[in-house]
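**Q** So for the sequence shown, the working numbering puts the first residue at 3; every next one is plus one.
Please see the structure below; I have some questions.
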Amino acid sequence: MSEVPLARLFEIATRRRPIHSNPEVILPVQPDRPIAPEALFRADDPPAPGDGVRRRILELGSGWGEFLVDWLQQHPADDYVAFEIKSDRIRRTIKRVRKLEAPHLRVVPVNFAWFLEEILPPAAFDWIIVNFPDPWPKRRHWKHRLVQPDFPERMAPLLRPGGQIHLATDYGPYARKMIQIFRRAADFEAVFPDSDFLRRRPADVPVTRFEQITGESEGRTPYFTRWRLRSGRPA
Ligand SMILES: C[S@@+](CC[C@H](N)C(=O)[O-])C[C@H]1O[C@@H](n2cnc3c(N)ncnc32)[C@H](O)[C@@H]1O
Numbered sequence: 003m004s005e006v007p008l009a010r011l012f013e014i015a016t017r018r019r020p021i022h023s024n025p026e027v028i029l030p031v032q033p034d035r036p037i038a039p040e041a042l043f044r045a046d047d048p049p050a051p052g053d054g055v056r057r058r059i060l061e062l063g064s065g066w067g068e069f070l071v072d073w074l075q076q077h078p079a080d081d082y083v084a085f086e087i088k089s090d091r092i093r094r095t096i097k098r099v100r101k102l103e104a105p106h107l108r109v110v111p112v113n114f115a116w117f118l119e120e121i122l123p124p125a126a127f128d129w130i131i132v133n134f135p136d137p138w139p140k141r142r143h144w145k146h147r148l149v150q151p152d153f154p155e156r157m158a159p160l161l162r163p164g165g166q167i168h169l170a171t172d173y174g175p176y177a178r179k180m181i182q183i184f185r186r187a188a189d190f191e192a193v194f195p196d197s198d199f200l201r202r203r204p205a206d207v208p209v210t211r212f213e214q215i216t217g218e219s220e221g222r223t224p225y226f227t228r229w230r231l232r233s234g235r236p237a
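So this is what it looks like as structure tokens:
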């Protein structure tokens with residue numbers, strides 16, 4: 003089967019949808035050029051009250067927005083960029099975020115399997131969050147998983163020095179694969195002491211909709227794993 007040309011994928015990914023009329027929604031303007039930082043982040047004025055730090059967060063597959071709403075409640079000065087493809091989930095997320103005081107959220111509604119690091123500014127993020135990505139359990143579907151062997155080296159250039167990647171999944175085989183991939187990644191070191199993962203919730207992590215659904219129906223305990231960019235690496 004012939005490959006779909008990049009320009010055609012870009013046309014599909016950015017085709018007009020009603021959700022695009024929300025000011026929080028940002029589209030890339032070219033398939034191979036980063037979105038301008040000023041379209042994603044606040045101008046660098048003094049941080050709002052709170053912990054006094056303005057971090058930049060990237061979430062891949064934000065779903066219905068539980069994690070980001072909780073984050074923006076805890077850290078109102080932070081700038082948050084979420085990738086999510088489904089319009090109903092984006093709509094629900096935006097509605098919830100608008101109830102918060104002075105949040106800064108931008109949603110990029112494109113397929114991250116098609117466009118991701120090419121359309122994001124380099125060395126821009128302090129955190130990358132991946133909660134309960136689609137597990138694709140069948141071996142012939144593994145190629146669709148977000149976390150592939152090259153995921154750490156693709157994500158490292160997006161992070162600022164000391165930036166972290168947080169991943170959660172309740173699907174054991176995918177968790178083990180993620181951990182194996184990050185253990186081999188020279189650019190990253192494990193954050194959780196004594197172990198590369200936790201089977202109990204870190205204090206700063208809320209329950210997401212997907213976790214709740216599968217936890218209730220299938221009774222699985224999630225794996226949480228976190229990796230920090232080693233000092234002196236990419237950025
Ligand atoms: C299993 S759900 C988890 C949602 C949320 N993180 C949670 O924990 O409730 C995966 C999410 O990623 C989104 N998603 C999956 N593949 C995607 C892709 N290629 N591009 C953008 N979003 C995607 C889905 O629409 C869905 O909302």
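Yeah, the Cβ is synthetic: ideal placement off N, Cα and C, and Gly gets one too.
1. Does ligand 3 have even one heavy atom less than 6 Å from the beta-carbon of residue 179?
2. Once the 5 residues before and after residue 81 are set aside, which same chain residues still bring their CB inside 6 Å of it?
3. Measuring alpha carbon to alpha carbon, tell me which residue in 138, 185, 137 is nearest residue 154.
4. So if DSSP puts residue 81 in a beta bridge, which residue, or which two residues, is it bridged to?
5. Within 10 angstroms of its Cβ, does residue 30 collect 16 or more other Cβ (buried), or is it exposed?
6. With distances taken between CB atoms, is the gap from residue 148 to residue 127 smaller than 7 Å?
7. Just to confirm, are residue 121 and residue 21 a CB contact at a threshold of 7 Å?
8. By Cβ distance below 6 Å, which residues in the same chain neighbour residue 201 in space, the five residues on each side in sequence not counted?
9. Which partner residues of residue 191 appear in the DSSP bridge assignment?
10. Would you call the CB atoms of residue 232 and residue 193 closer than 7 Å?
11. How about residue 87: is its Cβ closer than 6 Å to a heavy atom in ligand 1?
12. How about residue 216 and residue 172: do their beta carbons lie closer than 7 Å?
13. Given this structure, state the Cα-to-Cα distance separating residue 108 from residue 178, to the nearest angstrom.
14. Looking at the unbroken alpha helix (DSSP H) that takes in residue 210, where does it start and where does it end?
15. Take residue 11 and list the residues in its own chain whose beta-carbon comes closer than 6 Å to its own, dropping the five residues that flank it on each side.
16. I'd like to check one pair, residue 74 with residue 132: are the Cβ atoms closer than 7 Å?
17. Tell me, to the nearest whole angstrom, how far the beta carbon of residue 95 is from that of residue 129; I am working on the premise that it is less than 8 Å.
18. Can you tell me whether residue 24 sits near ligand 1, meaning its C-beta is under 6 Å from at least one heavy atom of the ligand?
19. Buried or exposed: where does residue 110 fall if 16 or more other Cβ atoms within 10 Å of its Cβ makes it buried?
20. Can residue 208 and residue 86 be called in contact, C-beta distance under 7 Å?
21. Identify which residue in 39, 220, 8 has its Cα closest to the Cα of residue 125.
22. What separation, rounded to the nearest whole angstrom, lies between the Cα atoms of residue 46 and residue 78?
23. For ligand 1, is there a heavy atom less than 6 Å away from the beta-carbon of residue 136?
24. Give the range of the beta strand (DSSP E) segment to which residue 165 is assigned.
25. Does the Cβ of residue 91 lie closer than 6 Å to at least one heavy atom of ligand 1?
**A** Let me lay it out:
1. With respect to ligand 3, the structure offers nothing, as its ligand set consists of ligand 1.
2. 43, 44, 58, 106
3. 185
4. Looking at the DSSP assignment, residue 81 forms a beta bridge with 58, 106.
5. Counting the other CB atoms within 10 Å of its CB gives residue 30 a total of 16 or more, which places it among the buried residues.
6. Going by C-beta atoms, residue 148 is not nearer than 7 Å to residue 127.
7. no
8. 223
9. 230
10. Contact flag unset, no.
11. yes
12. A contact, by the Cβ cut-off of 7 Å.
13. 31 Å
14. First-last for residue 210: undefined, no H or E at that position.
15. 116
16. no
17. Not a contact, Cβ separation roughly 17 Å.
18. For residue 24, the Cβ stays outside the 6 Å cut-off from all heavy atoms of ligand 1.
19. buried
20. no
21. 39
22. 15 Å
23. yes
24. 161-171
25. At least one heavy atom of ligand 1 is nearer than 6 Å to the Cβ of residue 91, so yes.
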